[in-house]
């Protein structure tokens, strides 16, 4: 069975208060996106890597790869205006009979155990997405204010999200909706069940300035 | 108007994989709970501090205070079996005409801006709880599996939660229910509206081993 990783480096990162795209910000001296790619390649040296980047960042990325002598082979695919269109472009490059892992380029800290759980469940059941428990109270905003919820019924969803390639390619032929915030929601819109597997707490999404120092602290420890 | 801070040091911390209660674990050389108390006292030197501790930890805490020459005046109240009973014990020590801030002892990083927003809103409206947005997707567990949610409708709830003392003292005369996971849920059970104010992202709850290094990293930065 082939394995492909689609790594999304498509965000413009306007929450980061920095000019440089967030996936290119260095942690421990190396851009976040390179850490993410290396992590997948260390997990599985045979996995095929596809990196999705906005058109405007492709040259910058190639220059960074030269500068850092980054020699992990990867295909570059042009991103779309929304995450949905980026993944839609990327899955066109995946052959049948593969398991596809779709991953946020700003999550360099996913554990190999999590990747393995996603891969196995996607292979057995067609779909797999990693979750972790909430460790704080949550409330739902309602028309009249807000209400307390039982947090044990809600899960934080991470990436990589894994799918059989035929399934995800077919799913992304659907018409775009702004409700599609991740791949699971696209799959689900077609009545296909998504299977939850355990993620890992260190697998944080680097989107805010404070996440940079958190990620650096976690990487130094590992 | 009087101000009181009830700081809960009541957890047994079994998620922390350590023998020492989590609120007593040192960060930058000082127990987390001391950081939390100092933070409130720096915000407002006139605030009255009530620390709630399990009976079994009171002597240990007093010894730590001696060892660290911790000289911030505070009243110690014995905690109950559940968070609810701890707060119930503590609010009995609060006079009328005060604003009470109820805070997790394992949140040493709440900003003074957050405390001020909570205090002001509690003063004006009777109740105030701080929230932050989710920056990851969430799903709800259902009887048949799980479903995607619009994350903009859900908020992470932090502490301190602030109340007029008459209101919170009356609220805690209610009979205990396991659904009471925080003070807002106790207040709400009596039909009183809770008002949301903006919290701060650095105000993390230290409950897991990786939170310790995250907190240390954030504290070093500040």
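Chains as they are written, first to last, in the working numbering: chain A, 1191 to 1412; chain B, 1191 to 1412. Beta carbons: idealized from backbone N, C-alpha and C, even for Gly. Note that the coordinates shown come from a computational prediction; the quantities given were computed from them, not determined experimentally.
Beyond the five residues adjoining it in sequence on each side, residue 1385(B) comes within less than 6 Å, by CB distance, of 1311, 1315, 1317 and 1318 in the same chain, given in chain order.
For residue 1340(B), the closest alpha carbon among the candidates 1406(A), 1253(A), 1196(A) and 1370(A) is that of 1370(A).
When Cβ-Cβ separations below 8 Å define contact, residue 1304(A) makes no contact with chain B. Secondary structure note for residue 1218(A): it is in no beta strand (DSSP E), with a DSSP letter that is neither H nor E.
Beta-bridge annotation (DSSP): residue 1335(A) is paired with 1332(A). Judged by DSSP in its simplified three-state form, residue 1399(A) adopts helix. Not a single C-beta of chain A is nearer than 8 Å to the C-beta of residue 1228(B). In summary, residue 1232(A) is exposed, with fewer than 16 beta-carbon neighbours lying within 10 Å of its beta-carbon over all protein chains present. At a cut-off of 3 residues, the continuous stretches assigned as beta strand (DSSP E) that sit fully inside the stretch 1280-1349 of chain B are 1288-1294, 1317-1323, 1327-1332, 1335-1338 and 1344-1347. Leaving aside the five residues that flank residue 1376(A) on each side, the residues in its chain whose CB is nearer than 6 Å to its CB run, in chain order, 1361 and 1370. Residue pairing from DSSP places residue 1353(A) in a beta bridge opposite 1290(A) and 1317(A).
For residue 1238(A), there is no enclosing alpha helix (DSSP H); the enclosing beta strand (DSSP E) has its first and last residue at 1238-1243. Residue burial annotation: residue 1249(A) is exposed, with fewer than 16 other C-beta atoms found within 10 angstroms of its C-beta. Each of 1321(B), 1410(B) and 1256(B) was checked against the Cα of residue 1352(B), and the nearest Cα belongs to 1321(B). Taking 8 Å as the cut-off between beta carbons, the residues of the stretch 1344-1366 of chain B near chain A are 1344, 1345, 1346, 1347 and 1348, in sequence order. Under the Cβ distance rule, residue 1311(B) does not count among the residues neighbouring chain A, no pair being separated by less than 8 Å.
Straight-line measurement puts the Cα of residue 1327(A) at about 40 Å from the Cα of residue 1284(A). A distance below 8 Å separates the beta carbons of residue 1213(B) and residue 1296(B). Listed by position along chain A, the residues whose Cβ is nearer than 7 Å to that of residue 1383(B) are 1335. The Cβ atoms of residue 1382(A) and residue 1408(A) do not sit closer than 8 Å to each other.
C-alpha of residue 1239(A) to C-alpha of residue 1404(A): approximately 26 Å in a straight line.
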